[in-house]
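Participant: First to last, the sequence lines map onto chains A and S. Just so we're aligned, residue 1441 is where the first sequence starts under our numbering, counting upward by one. Just so we're aligned, residue 754 is where the second sequence starts under our numbering, counting upward by one. The structure follows.
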Amino acid sequence: MAINYLQPDYEVVRNNDRCIRCRVCERQCANEVHFFDEKRNQMLADETKCVNCHRCVTLCPTRALKIVKTDHCFKPSANYTESIIKDIYAQADTGGVLLSSMGTPKEYPVYWDKMLINASQVTNPSIDPLREPMETRTYLGKKCEDVSYDKTGKLMIRHYPGLQLETPIMFSAMSYGSISKNAHECLARAAEELGIYYNTGEGGLNEDFYKYGKNTIVQVASGRFGVHERYLNAGAAIEIKIGQGAKPGIGGHLPGAKIGADVAKTRMIPEGSDAISPAPHHDIYSIEDLRQLVFSLKEATDYKKPVIVKIAAVHNIAAIASGIARSGADIIAIDGFRGGTGAAPTRIRDNVGIPIELALASVDERLREEGIRSNVSVVAGGSVRSSADVVKAIALGADAVYIATPALLALGCHLCRSCHTGKCNWGIATQKPELYKRLNPEIGYKRLVNLVTAWTHEIKEMMGGMGINSIEALRGNRLMLRGIGLTQKELDILGIKHAGE
Amino acid sequence: MKDIPEKYIEGNARIPSGCAISGFFSKKGNRVSGDKIVQSISYMHDRSNGLGGGFAGYGIYPEYKDQYALHVFYNDMRAREKTEQFLNEHFDIVNLSRIPTRKHKNIVNEPLIWRYFVSPLPTKLASSQLEEQEFVVKCVININIGIDGAYVFSSGKNMGVFKAVGYPEDVGEFYRLDEYKGHAWTAHGRYPTNTPGWWGGAHPFSLLDYTIVHNGEISSYDANRRYIESYGYKCTLLTDTEVITYIIDFLNRKKGLSLEDTARVIAPPFWQQIEALPDPERERLTDLRKAFSSLLITGPFSIILGFKDGIMALNDRLKLRSMVVAEKDDVLFVASEECAIKAICSNPDRIWSPGGGEPVFATLEK
């Protein structure tokens, strides 16, 4: 047998004085790390299988466990780092493309953390959200700006289809298949209670969830999985997924292992087959083709639903967005390259695309320069991690944000980045009944409601501090931001001044 | 005065200001001498700091009521020559003169101040393919941006703006406002937080017949500015008053929205209030808020908008700035403080404080 060059990344540290051999760790670990050695009457661990998801640590009744990063090391090199060496070993073993999940862990600049928010002092008052109304309601969609009065003096404004959000946050696309039915139920119920929307992703819509249609965005991606007329009409909006921030230029990839009977039925594909979406939409090879798809979908839904076009943030994003704004789309969703995924080729996830902050700033500015900003709303996603990120995104010009990783974290995800294995111990990114039953929708949806409610409170506090009592007045209000430690070029692209200016 | 670094001059920096505003309007069109508005604003001396004052008078040029009255600041004769050359190419100049002033010990560093009564040249207007008012706006912007040292600060018909760096009562004396008569006057005393040092930065801000005097610092400024600039406006002064004027010009003149509805856009009721209304009104206000959401203004403001044949007073929707309104016979008075009204109308029929976002109008009786 060939030598396995790969050593475990983590060590399972067990305090045997505390361990009561209850074997809960063994039962809870779908990766089969823990096992009981009867001869020695002792729990042991096969650390090669550990993904560091904390399930065993969290459920151990005596706190006997911890997972630590191994200090076993290679000879240090700033160039050939441990992760590069290990990737090479893995590829030499298998001859395959490296797969990863969730957002890139690499140290790229996080521009959210290099922007600071303003507050009022003396010359105008801050507004106290505990004592004054503070409005976070947002409408997405094309805005009619041509007004007239009829003979009786009645104001005439044309209505375009749109979305009404009580807070400018939506749950971003995660397909049924990549995540569990229980996870979808949590998202749908939370969206309904919060007055916002969740997104089916490209996996179709399970029959049980049609009842949440008015808070659902149904996605049409290149694989067209689960797309039919009733599906298109079930949601409040239709999203055409052109690209995803974590893997621009390629399609979705759901391994057959995650495609059980129900997922197969919902996706309208055979059970156990890999669901691999084509890299492009094969009916969209150019911008004029996109226009045709937009209007095909509008025809299919009687022009009652807004159409979102979701694109990954890539180099020429401003021009692409400008083209989309003229294609009949009502909303553009831009997904930054730090965004998460259920499965992506590692090299693509870690190297393709650009940060959402820069993409958003350029798109908003370009659409304004061309006088077409009111044609579309702009939704920013791809690593919006906190209420402060939301405030900064809106001040840069977003109408609303998409969040996904924070929603999964709220449901118990520990960011072990192993979704593609289908063995999620938290019941989120798995289709195994014994695993997904661990996610209780009743508890899960409340945690999502809590998270978004907490963020909304914080957004209101920050708005009040700026003397702004309506989210509309924050949108594109870049004077409310200052850069910290940024170059002039970065400041120019973000359209903000440096702190102290 | 100490020389001000270039980077702090109006237009290069955003300068928050506190202020005093006052105004009155005779619905019957009775023309009153300008010294009355000077007297009113002088009672709010402490709301200004001597770094800007100004006035707008309506109905003051009845003899040239069909011409656009351009008031222009020049830094030097060269700017004047270039501007007059431009004006000659685009307009028929019916009359031109220096605006009469009297020397005042508190008003110094005055630029050259000229006035032109003009009509667009029909050939130029036709070839521009613009409506007449748009043609005038474009010409004014061309001068203000294109000719160094020239600044048109008033461009309406049968009305005019007079402004300077100084306390408003001194500015009024300097411009000899007692010699003008108008059916409406507004006034502004400025309290900027650093030294703008430039006469063009004083208020009222004006475009065609619109004038705005404004007290406050709006927190929505950059959202409003970036929206309005995508429709061809250029905010060169970086002041609230400038952007508010453009917003009103855009909604009222260009989009044809009534001033009542314009007020609903910039200071709308809260969603909660809108939802409590019965239906045609609820739908109307929802539509307006959705259509022009980027023109909603937050933060404190009280403004008096002067327009052709009327004025409108408006507070921000939380009423974060004081504003008092009074009526006496056919005259509507508006001021930051009651004392400024009582100074010129000791016994009004009615005096009240309008709620936030509730516009108060006075227009000429037909």
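We put the beta carbon where it would ideally sit given N, CA and C, even for glycine.
Hey, which unbroken runs of the beta strand (DSSP E) at 3 residues or more fall wholly within the segment 1802-1885 of chain A?
Facilitator: The segment 1802-1885 of chain A contains these whole beta strand (DSSP E) runs: 1817-1821 and 1840-1843.
Participant: As an exercise, report each continuous beta strand (DSSP E) stretch of at least 3 residues that is fully enclosed by the segment 1630-1672 of chain A, in chain order.
Facilitator: Fully enclosed beta strand (DSSP E) runs of 3 or longer: 1656-1660.
Participant: Inspect the beta-carbon positions of residue 1707 of chain A and residue 1665 of chain A and report whether they are closer than 8 Å.
Facilitator: Yes, they are a contact pair.
Participant: Suppose you measure from the CA of residue 1661 of chain A to the CA of residue 1064 of chain S; what does that come to, to the nearest Å?
Facilitator: When rounded, the distance between both Cα atoms is 55 Å.
Participant: Taking beta-carbon pairs under 7 Å, can you tell me which members of the segment 1027-1040 of chain S lie near chain A?
Facilitator: Those residues of the segment 1027-1040 of chain S that come within reach of chain A (Cβ to Cβ, closer than 7 Å) are 1037 and 1040.
Participant: Return the residue from the list S:1088, S:1096, S:1116 and S:1115 that minimises the CA-CA distance to residue 1106 of chain S.
Facilitator: Here the closest residue by C-alpha is S:1088.
Participant: By a C-beta neighbour count over all protein chains shown, 10 Å radius and 16 as the cutoff for buried, is residue 1069 of chain S buried or exposed?
Facilitator: The residue is buried, with at least 16 neighbouring Cβ atoms inside 10 Å.
Participant: For residue 1449 of chain A, decide whether its Cβ has a neighbour in chain S, counting only Cβ atoms nearer than 8 Å.
Facilitator: Answer no: the Cβ-Cβ gap between residue 1449 of chain A and chain S never drops below 8 Å.
Participant: Any contact of the segment 1080-1094 of chain S with the segment 988-999 of chain S, i.e. 3+ C-beta pairs under 8 Å?
Facilitator: Taking 8 Å as the limit for Cβ pairs, the verdict is that the segment 988-999 of chain S does not touch the segment 1080-1094 of chain S.
Participant: Where does residue 882 of chain S sit, in a helix, a strand or coil, going by DSSP?
Facilitator: Coil.
Participant: Cα-Cα, which of A:1795, A:1501, A:1570 and A:1659 is closest to residue 1674 of chain A?
Facilitator: Comparing Cα-Cα distances from residue 1674 of chain A to each of A:1795, A:1501, A:1570 and A:1659, the minimum goes to A:1659.
Participant: How long is the line joining the alpha carbons of residue 1608 of chain A and residue 826 of chain S, rounded to whole angstroms?
Facilitator: Roughly 47 Å separates the two Cα atoms.
Participant: Look up residue 1574 of chain A in the DSSP assignment and say whether it is helix, strand or coil.
Facilitator: If DSSP states are grouped into helix, strand and coil, residue 1574 of chain A belongs with coil.
Participant: Please list, in chain order, all residues of the same chain as residue 793 of chain S whose beta carbon is under 6 Å from its beta carbon, the five residues on each side excluded.
Facilitator: So the qualifying residues of the chain are 775, 1093, 1096 and 1097.
Participant: Just the Cα atoms here: how many angstroms apart are residue 1841 of chain A and residue 1830 of chain A?
Facilitator: So the alpha carbons of these two residues sit roughly 7 Å apart.
Participant: Given this structure, state the Cα-to-Cα distance separating residue 1024 of chain S from residue 1016 of chain S, to the nearest angstrom.
Facilitator: Roughly 16 Å separates the two Cα atoms.
Participant: Quick one: which residues of the segment 1558-1592 of chain A get their C-beta closer than 8 Å to a C-beta of chain S? List them in chain order.
Facilitator: Listed in sequence order: 1560, 1563, 1564, 1565, 1567, 1572, 1573, 1575, 1577, 1579, 1583, 1584, 1585, 1586, 1587, 1588 and 1589.
Participant: DSSP puts residue 1483 of chain A in a beta bridge; with which residues?
Facilitator: Answer is A:1476, bridged to residue 1483 of chain A.
Participant: Quick one: grab the DSSP three-state call for residue 1926 of chain A.
Facilitator: Residue state, collapsed to three classes: coil.
Participant: Tell me the DSSP secondary structure of residue 1550 of chain A in three-state form.
Facilitator: Note: residue 1550 of chain A maps to coil in three-state DSSP.
Participant: Considering only the alpha carbon of each residue, which of A:1565, A:1827 and A:1781 lies closest to residue 973 of chain S?
Facilitator: Closest by alpha carbon: A:1565.
Participant: Counting only the same chain and skipping the five closest in sequence on each side, list residues whose C-beta sits under 8 Å from that of residue 1596 of chain A.
Facilitator: For residue 1596 of chain A, where only same-chain residues beyond five positions count, the Cβ hits under 8 Å are 1587, 1588, 1589 and 1590.
Participant: Can the beta-carbon of residue 1804 of chain A be found closer than 8 Å to that of residue 1824 of chain A?
Facilitator: No, these two residues do not count as a Cβ contact at 8 Å.
Participant: If you follow the beta strand (DSSP E) that residue 820 of chain S is part of, which residue opens it and which one closes it?
Facilitator: That residue, residue 820 of chain S, is in no beta strand (DSSP E); it is neither H nor E in DSSP.
Participant: Taking the alpha-carbon positions, what's the residue 1845 of chain A to residue 1683 of chain A distance?
Facilitator: Rounded to whole angstroms, residue 1845 of chain A to residue 1683 of chain A spans 17 Å at the Cα level.
Participant: Mapping DSSP to helix, strand and coil, what is residue 1024 of chain S?
Facilitator: In the structure shown, residue 1024 of chain S sits in a helix (DSSP, three-state: H, G or I).
Participant: Taking 8 Å as the threshold, find out whether the segment 1598-1614 of chain A comes into contact with the segment 1570-1588 of chain A through three or more Cβ pairs.
Facilitator: Result yes; three or more Cβ-Cβ pairs closer than 8 Å.
Participant: Residue 1622 of chain A CB to nearest chain S CB: under 8 Å?
Facilitator: No, residue 1622 of chain A lies away from the interface with chain S (no Cβ there is under 8 Å from its Cβ).
Participant: Got a sec? Which residues, its chain only, sit under 6 Å from residue 755 of chain S by beta carbon, not counting five neighbours each side?
Facilitator: Low confidence applies to residue 755 of chain S: its pLDDT is 46, below 50, so where it sits in the model is not reliable enough to give any reading.
Participant: Residue 1934 of chain A and residue 1798 of chain A - do their beta-carbons sit closer together than 8 Å?
Facilitator: Result yes, Cβ atoms of residue 1798 of chain A and residue 1934 of chain A sit closer than 8 Å.
Participant: Taking the Cβ atom as the reference point for each residue, do residue 1879 of chain A and residue 1850 of chain A lie within a distance shorter than 8 Å?
Facilitator: No, they are not a contact pair.
Participant: Considering only the beta carbon of each residue, do residue 1692 of chain A and residue 1754 of chain A sit closer than 8 Å?
Facilitator: No, these two residues do not count as a Cβ contact at 8 Å.
Participant: Over the uninterrupted beta strand (DSSP E) stretch that includes residue 1045 of chain S, give me the two end residues.
Facilitator: Premise fails: residue 1045 of chain S is in no beta strand (DSSP E) and is neither H nor E.
Participant: Going by the CB atoms, is the gap between residue 1911 of chain A and residue 1578 of chain A shorter than 8 Å?
Facilitator: Cβ atoms of residue 1578 of chain A and residue 1911 of chain A: closer than 8 Å.
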